[in-house]
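There are 2 protein chains.
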Amino acid sequence: MVEAKNLTHLFSDEANVRQPSPLKTAFKYYKDPNIVFLGGGLPLADYFPWNKITAESPAAPFARGIGAVPETAEETVVTEILKVQEHNERKDEVSLARSLQYGFTEGHPELLDFLKTHTKLIHKIPYDDWDIIQTTGNTQAWDSILRTFVNKGETILVEEFTFSSALETANGLGVNHFPIPMDDFGIVPEKLAEILANWVGPKPKLLYTVPTGQNPTGSSLSAERRKAIYKLAQEHDFIIIEDEPYYFLQMEKYTDDVSARGEQKVGSHQEFIESLVTSFLTLDVDGRVIRLDSFSKVLAPGARFGWYVAQKSILERLTRLHEVSVQTASGFTTSIVNGLLNRWGQDGYIDWLIGLRSEYTHKRDVAIDAVKKYFPLDVAHYNPPVAGMFFTVQFDASKHPEFATKYESDPLKVENALYEQGLAQGSLLIPGSWFKAGGNSNPPNKVEVVPGTENLIFFRGTYAAVPLDELTEGLKRFGAGAYKEYGLEQAI
Amino acid sequence: MVEAKNLTHLFSDEANVRQPSPLKTAFKYYKDPNIVFLGGGLPLADYFPWNKITAESPAAPFARGIGAVPETAEETVVTEILKVQEHNERKDEVSLARSLQYGFTEGHPELLDFLKTHTKLIHKIPYDDWDIIQTTGNTQAWDSILRTFVNKGETILVEEFTFSSALETANGLGVNHFPIPMDDFGIVPEKLAEILANWVGPKPKLLYTVPTGQNPTGSSLSAERRKAIYKLAQEHDFIIIEDEPYYFLQMEKYTDDVSARGEQKVGSHQEFIESLVTSFLTLDVDGRVIRLDSFSKVLAPGARFGWYVAQKSILERLTRLHEVSVQTASGFTTSIVNGLLNRWGQDGYIDWLIGLRSEYTHKRDVAIDAVKKYFPLDVAHYNPPVAGMFFTVQFDASKHPEFATKYESDPLKVENALYEQGLAQGSLLIPGSWFKAGGNSNPPNKVEVVPGTENLIFFRGTYAAVPLDELTEGLKRFGAGAYKEYGLEQAI
Chain F
31 MVEAKNLTHL FSDEANVRQP SPLKTAFKYY KDPNIVFLGG GLPLADYFPW
81 NKITAESPAA PFARGIGAVP ETAEETVVTE ILKVQEHNER KDEVSLARSL
131 QYGFTEGHPE LLDFLKTHTK LIHKIPYDDW DIIQTTGNTQ AWDSILRTFV
181 NKGETILVEE FTFSSALETA NGLGVNHFPI PMDDFGIVPE KLAEILANWV
231 GPKPKLLYTV PTGQNPTGSS LSAERRKAIY KLAQEHDFII IEDEPYYFLQ
281 MEKYTDDVSA RGEQKVGSHQ EFIESLVTSF LTLDVDGRVI RLDSFSKVLA
331 PGARFGWYVA QKSILERLTR LHEVSVQTAS GFTTSIVNGL LNRWGQDGYI
381 DWLIGLRSEY THKRDVAIDA VKKYFPLDVA HYNPPVAGMF FTVQFDASKH
431 PEFATKYESD PLKVENALYE QGLAQGSLLI PGSWFKAGGN SNPPNKVEVV
481 PGTENLIFFR GTYAAVPLDE LTEGLKRFGA GAYKEYGLEQ AI
Chain E
31 MVEAKNLTHL FSDEANVRQP SPLKTAFKYY KDPNIVFLGG GLPLADYFPW
81 NKITAESPAA PFARGIGAVP ETAEETVVTE ILKVQEHNER KDEVSLARSL
131 QYGFTEGHPE LLDFLKTHTK LIHKIPYDDW DIIQTTGNTQ AWDSILRTFV
181 NKGETILVEE FTFSSALETA NGLGVNHFPI PMDDFGIVPE KLAEILANWV
231 GPKPKLLYTV PTGQNPTGSS LSAERRKAIY KLAQEHDFII IEDEPYYFLQ
281 MEKYTDDVSA RGEQKVGSHQ EFIESLVTSF LTLDVDGRVI RLDSFSKVLA
331 PGARFGWYVA QKSILERLTR LHEVSVQTAS GFTTSIVNGL LNRWGQDGYI
381 DWLIGLRSEY THKRDVAIDA VKKYFPLDVA HYNPPVAGMF FTVQFDASKH
431 PEFATKYESD PLKVENALYE QGLAQGSLLI PGSWFKAGGN SNPPNKVEVV
481 PGTENLIFFR GTYAAVPLDE LTEGLKRFGA GAYKEYGLEQ AI
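Going down the list, the protein sequences come from chains F and E. The letter at position 45 of the first sequence is residue 75 when you use the numbering used here, and the numbering goes up by one with no holes. The letter at position 103 of the second sequence is residue 133 when you use the numbering used here, and the numbering goes up by one with no holes.
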């Protein structure tokens, strides 16, 4: 048994003060056949006004693609969940009488079992006492993580450009942040090492990262970078929060050669699993990684279902917090998602994820093809993403003919002009500066700008949300705006 | 237009610091037909693996009772929700493509509309700029309320005996509390007035109360007491959080006369509505009440769906917090609950609530009948609840023959002996002291014990969770234990 390191010294005041409910001591008698239990305020399931729920979904292996509407019974899988489970029913089902009742803050065992098996399939976690508990999505999970580790006024590490909502979660809690420089491939470990070596004040307890298909940059950390970052976490005793909603939107590599596309298609489940980048979890000999996983990008955001993977002592504190805040995920979500996953099975779920990979690869290709075709590549730089929903196009603001004059050598003014020009042409991409983590560490640590990057600006686009023809049209329009703004002639 | 008072001076540091996401400014172009919007990281609904969800529920008016399993098509209402709504479909439906997508932190308009109409039917709110936003249940709502109003180290007012989980939510946040004395009928307004008049330190910003069918005491505040408490809220400028999960578990009055039971059955919807106790919301001329409503006790806890009713400026701050924490309720919950409610209609929902009233009245009657029959009423006192899931039986510890000797005049020792004796007899009720709010206001305010109540202890039972025969058996056993513990002879 390889045990995780004890990291309880990193808990926040809030986490340390939390007590389990005194009523828990009574609940050990809840199912005791010798005791009539009049202790719990649970409504009878007889009064839940749902007797049966049926859900129709595509059946594995999704031969016509995951987006195809099932046309035959063979292509359809029907999940039927009853209020009260019959004796002869599947063992892996969560009946409505159970899912719609109170309880199960950690999650229902049937769904947790599925997720644990799945986790073992994907990540080789090097220590034994890890576990999984459910969340209501990574946004809630991140809020709960902050409350469990960071006191007001303390500082966390974040990526230089990061998901603004995640930063706002921290800001609201009075948590300060410090940005780590990134390049096309995410966090630069050498920069992180330098920052930590020169750190002033108490060391940060957390690094928040979206390592795969990062939002907003679309970058993905290589296994080598992850190893280097993990080593720094060990040296400087911090916890890595890997927020991984896009992990299964890893794609085939982009190639200019259209005829060669599809050659990286995975042939088997094993090939698919091996194609996935090494997670921080897989490197986690200490138990200092908390992985935030979610169905939002692989099944549906509205499921509001995610899960932490972490060492048990950390999950215990998170459970205490969930008990007095979000309690648990929706029972409808639990019954329906669990019903579908167990009908698909582990293999069917992998088929689904392979289907996603194929869809996103194609969308990404269409987007990058359009950027190549329609953008002024003398001043613009693209970096085809290998994962996620986002791509970025970088511009050199200093190459704008009016940079020093009209825009007073301020790259943000060029950024805004490009944004407005895009809108005027009928296309919207998000300016990269909107995701910029300013940094307000306490006491102040110096934020260094990597020389040569001062005048680089970028825009975030997505290929996820729109049909392919619109995607191409939108990029054509934005490209035309960029040509116009830079005073360049468009060849086409 | 009657406007709510501006109460923004009561916001916490956390609420004051929250910013809306900068991406919101871009989202105004989201549905603009002239703009190709490449700004949002939303997955396509094509990839949501649910094409249709069907739910079977009892149909109004529930002639055979709300717990009866529908046997005919007439007794069944079928909610069928498609991924993409057809043009000819009902206007009040939330399709899966919408409910399972991101967005709608406030809630989907279709369901909010239903709830607003319902709220107007039940509460006459005296000011105009109130609104409703969804929560994921009252536990989450309470956590968000605390974060929005109370800074660490500040003090809130709570009922002397209160829902321990609600207290633990506050404790974790470093929020102190001060208990308000209660009697059989809830908070004693005169005591509250006295406490506030003599208050040392900054006045509390919040009073947390479960006014109807209180947990744990089962007490309900009369309209008169609510008026007096509301007046104090105005005088001392605090906000009333009315946590009302049990509001629709209001019952007919208990009567010893079995033949007279059922005479208070409501004959019409209007009669039902008039039978409900005046809510704090109905008295709220200032907009200083935040009502926490929930489906947990009227439909199912696992729906994880509730809502705030409050003035808009308060809901705006709560929305900012929800955006970076819970985000939104489950889309499955939204589509399914909304589908059912709109098929039932407002009238059908009232039928359901009337059905609940009837079920709970009967359960309560069975419980109180058993207490009367099996408990040593020389030392025990019961107070039939008029609402909720809970009843209490009070004991005078000083009447225990060994109070001064074996139990060293400590009422809690008698309480524990009764609890253990109950368990030995095969029945569990929860000791009242487990719900006792100790009080840790900062700076300290003196907690007074009402003279004559020092030696009173009580147990909380529920009639909600068990079938009627078990309920009677459990109370018979506990009563026998009490007779034994007090050394009294049982007549039966």
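Glycine is no exception: its CB is placed at the ideal position from the N, C-alpha and C atoms. On a predicted model such as this, the values are computed, not experimentally measured, just so you know.
In the three-state reduction of the DSSP assignment, ILE175 of chain E falls in the helix class, which pools H, G and I. For LEU501 of chain E, the enclosing alpha helix (DSSP H) has its first and last residue at 498 to 515. Counting along the chain, PRO219 of chain F sits inside the alpha helix (DSSP H) bounded by residues 219 to 227. In the DSSP annotation of this structure, the continuous segment of the alpha helix (DSSP H) that includes ARG256 of chain F starts and ends at 253 to 266.
DSSP lists no bridge partner for ASN413 of chain F. Going by beta carbons, VAL496 of chain F and LEU68 of chain E fall inside the 8 Å limit. In this chain, the alpha helix (DSSP H) harbouring VAL444 of chain E covers 441 to 455. By the neighbour-count criterion, in which 16 or more other beta carbons inside 10 Å mark a residue as buried, SER298 of chain E falls on the exposed side.
Of all residues in the region 344 to 358 of chain E, those with a C-beta nearer than 9 Å to a C-beta of chain F are ARG350, LEU351, GLU353, VAL354, SER355, VAL356, GLN357 and THR358, reading in chain order. Runs of alpha helix (DSSP H) with 4 or more residues, each lying fully within the region 117 to 191 of chain E, are found at 126 to 129, 139 to 152 and 168 to 179, listed in chain order. Pairing THR358 of chain E with PHE335 of chain E gives a Cβ-Cβ distance that is not under 8 Å.
Judged by DSSP in its simplified three-state form, TRP337 of chain F adopts strand. Put simply, of E:LYS233, E:MET31 and E:ILE175 the residue whose alpha carbon is nearest the alpha carbon of ALA45 of chain E is E:ILE175.
GLU301 of chain F counts as exposed, since fewer than 16 other beta carbons sit within 10 angstroms of its beta carbon. With contact defined as three or more Cβ pairs closer than 8 Å, the region 387 to 398 of chain E and the region 336 to 350 of chain E are not in contact.
In the three-state reduction of the DSSP assignment, GLN49 of chain E falls in the coil class. Sequence-ordered contacts of the region 63 to 82 of chain E with chain F read ASN64, ILE65, VAL66, PHE67, LEU68, GLY69, GLY70, GLY71, LEU72, PRO73, LEU74, ALA75, ASP76, TYR77, PHE78, PRO79, TRP80, ASN81 and LYS82 [C-beta pairs closer than 9 Å].
Here ASN485 of chain E has ASP426, ALA427, SER428 and PRO441 as same chain residues with Cβ atoms under 7 Å from its own Cβ, once five neighbours each way along the sequence are excluded.
Rounded to the nearest angstrom, the Cβ distance from ASN470 of chain F to GLY183 of chain F is 10 Å, too far for a contact under 8 Å. Within a 10 Å sphere around the beta-carbon of VAL107 of chain F sit 16 or more other beta-carbons, which makes this residue buried. In this structure the region 310 to 317 of chain F touches the region 254 to 274 of chain F; the number of beta carbon pairs closer than 8 Å is three or more. When the Cα atoms are used, ARG291 of chain F and THR285 of chain F turn out to be separated by approximately 7 Å. When DSSP states are grouped into helix, strand and coil, ASP399 of chain F belongs to the helix group. Residue range 342 to 353 is occupied by the alpha helix (DSSP H) that includes GLU353 of chain E, with no beta strand (DSSP E) assigned at that position. Counting only the Cα atoms, GLY202 of chain E lies some 11 Å from ARG347 of chain F. Per DSSP, the continuous alpha helix (DSSP H) segment holding ALA196 of chain E begins and ends at 194 to 202.
In this structure THR422 of chain F is in contact with PRO246 of chain F, their Cβ atoms being roughly 7 Å apart against a cut-off of 8 Å.
When secondary structure is reduced to three states using DSSP, GLY375 of chain E falls in the helix class. ARG394 of chain E has its alpha-carbon roughly 8 Å from the corresponding atom of ALA494 of chain E. In this structure, GLY216 of chain F sits near ARG255 of chain F, with a CB-CB distance shorter than 8 Å.
Restricting attention to beta strand (DSSP E) runs no shorter than 3 residues, the region 454 to 496 of chain E encloses them at 486 to 492, ordered along the chain. With contacts defined as CB atoms closer than 8 Å, VAL218 of chain E and VAL180 of chain E fail to qualify as a contacting pair. Assigned with DSSP and collapsed to three states, LEU386 of chain E falls in helix. In this structure, LEU505 of chain E lies near ALA397 of chain E, with their beta-carbon atoms less than 8 Å apart. With a threshold of 8 Å between beta carbons, TYR132 of chain E makes contact with chain F. For the region 449 to 463 of chain E, the residues whose beta carbon sits under 8 Å from a beta carbon of chain F are, in order, LEU453, GLY456, SER457, LEU458, LEU459 and ILE460.
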